[in-house]
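Have a look at the structure below before the remarks.
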Amino acid sequence: MAADLFESLAIEMPPIGPGVEALAPGALLLRGFAASVARELLADLRRVVDRAPFRRMSTPGGLRMSVAMTNCGELGWVSDRRGYRYDPADPDSGLRWPPMPDSFAELARRAAGHAGFAGFAPDACLVNRYAPGARLSLHQDRDERDFGWPIVSVSLGLPAIFQFGGARRSDKARRVPLQHGDVVVWGGPARLKHHGVLALADGEHPLTGRSRVNLTFRKAG
Ligand code: SIN
Ligand code: FE2
């Protein structure tokens, strides 16, 4: 009985510690969690982008997104006139997406574990590149098969204002400044919360130049 009680408390208590902020139940910001591996991530990203260059996809409504995207891993997220989906092939080349670098998968696994989601093994990494002015309007990540796994989102380069809202798109969204190396993990009761990124302010970052790069890890299939 006491052991059961302890176990349920341990699961429900967010592992708040230095550099960890709760954004909502199930959503944690791990400040600087990726900072020490950022150079390695960006070097590995270069190899991904050589095979699957960044491109601006179209929404199902026919608008071009301001954020440039690519993917690595077994599945990649794509958007076009037919809708949103995960595809094992890059529609631009017809080839499979580049494999997910070990540095990516390992960081995602560690961050998820730190946020209480042990055993996270992402099969998809959507890479978003924001130039000054690029933004991502409020949306839910809901094209994945199993919402039991969290989303792990890594910020590199220029800072941005992340919006973290509610179950409905019209719910008020919190504005969270994200810096190079920050990681946000959302799952459980936060898994389908709306989120977005405000228009990127201009600036220059020593590792990414005039851009912000976001790695978003999912278990999609
Ligand atoms: C996303 O929602 O896929 C990206 C979020 C971000 O760029 O921080
Ligand atoms: Fe998203």
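First residue of the sequence shown? That's -6 in our numbering, and the numbers climb one at a time after it. Quick reminder that beta carbons are idealized off the backbone N, C-alpha and C, glycines included.
If I'm right that Leu129 touches Val190 with Cβ under 8 Å, what's the distance once you round it to whole angstroms?
-> 4 Å
If Leu171 and Phe157 are in contact, beta carbons under 8 Å, what's the gap, nearest whole angstrom?
-> Their Cβ separation, rounded to whole angstroms, is 10 Å, which puts Leu171 and Phe157 out of contact at 8 Å.
Among the residues of its own chain, which have a CB less than 6 Å from the CB of Arg167, if the five just before and after it don't count?
-> Taken in chain order, the residues that qualify are Phe157.
Other residues of its chain near Arg138: CB distance less than 7 Å, five sequence neighbours each side excluded = Ala213 and Gly214
Contact test: Thr63 Cβ vs the ligand FE2 heavy atom, cutoff 7 Å = It does not: the Cβ of Thr63 is nowhere closer than 7 Å to a heavy atom of the ligand FE2.
Closer than 7 Å: His188 CB and nearest the ligand SIN heavy atom | yes
By Cβ distance below 6 Å, which residues in the same chain neighbour Thr209 in space, the five residues on each side in sequence not counted?
-> Leu119 and Ser146
Contact test: Glu201 Cβ vs the ligand FE2 heavy atom, cutoff 7 Å = Rather than Glu, the amino acid found at residue 201 in this sequence is Thr. The answer is no for Thr201.
Where does Ser51 fall in DSSP's three states?
-> strand
Find out if the Cβ-Cβ distance for the pair Ala31, Leu200 is shorter than 8 Å.
-> Leu200 sits close to Ala31, with the two beta carbons spaced by under 8 Å.
Give the C-beta separation of Gly180 and Gly19 to the nearest angstrom, bearing in mind that I take them to be a contact with Cβ-Cβ under 8 Å.
-> Indeed, because the Cβ distance is near 6 Å, the residues count as touching under 8 Å.
In its own chain, which residues sit with a C-beta less than 6 Å from the C-beta of Pro94, not counting the 5 before and 5 after it?
-> Residues of the same chain with a CB within less than 6 Å of the CB of Pro94, apart from the 5 flanking positions on each side, are Asp37 in chain order.
Which listed residue (Ser96, Val13 and Gln133) has its alpha carbon closest to that of Lys186 | Gln133
Answer with buried or exposed for Ser86, where buried requires no fewer than 16 other C-beta atoms within 10 angstroms of its C-beta.
-> exposed
Using 10 angstroms around the beta-carbon of Leu216, count the other beta-carbons present and answer buried if the total reaches 16, otherwise exposed.
-> Nothing about residue 216 can be read from this structure; the chain reaches only from -6 to 214.
Enumerate in chain order the residues of its own chain whose CB-to-CB distance from Arg184 is below 6 Å, with the five nearest sequence positions on each side excluded.
-> Phe140
Same chain, Cβ closer than 7 Å to Thr52, neighbours up to 5 away in sequence not counted = The beta carbon of Thr52 is closer than 7 Å to those of Met58 and Ser72 in its chain, skipping five residues each way along the sequence.
Determine, using beta carbons only, whether Ser96 and Leu149 come nearer to each other than 8 Å.
-> In terms of Cβ geometry, Ser96 and Leu149 do not form a close pair [threshold 8 Å].
Compute the Euclidean distance between the alpha carbons of Ala127 and Gly196, then round it to the nearest angstrom.
-> Put simply, the backbone Cα of Ala127 is about 13 Å away from that of Gly196.
List the DSSP bridge partners of Thr209.
-> Per DSSP, Leu119 and Ser146.
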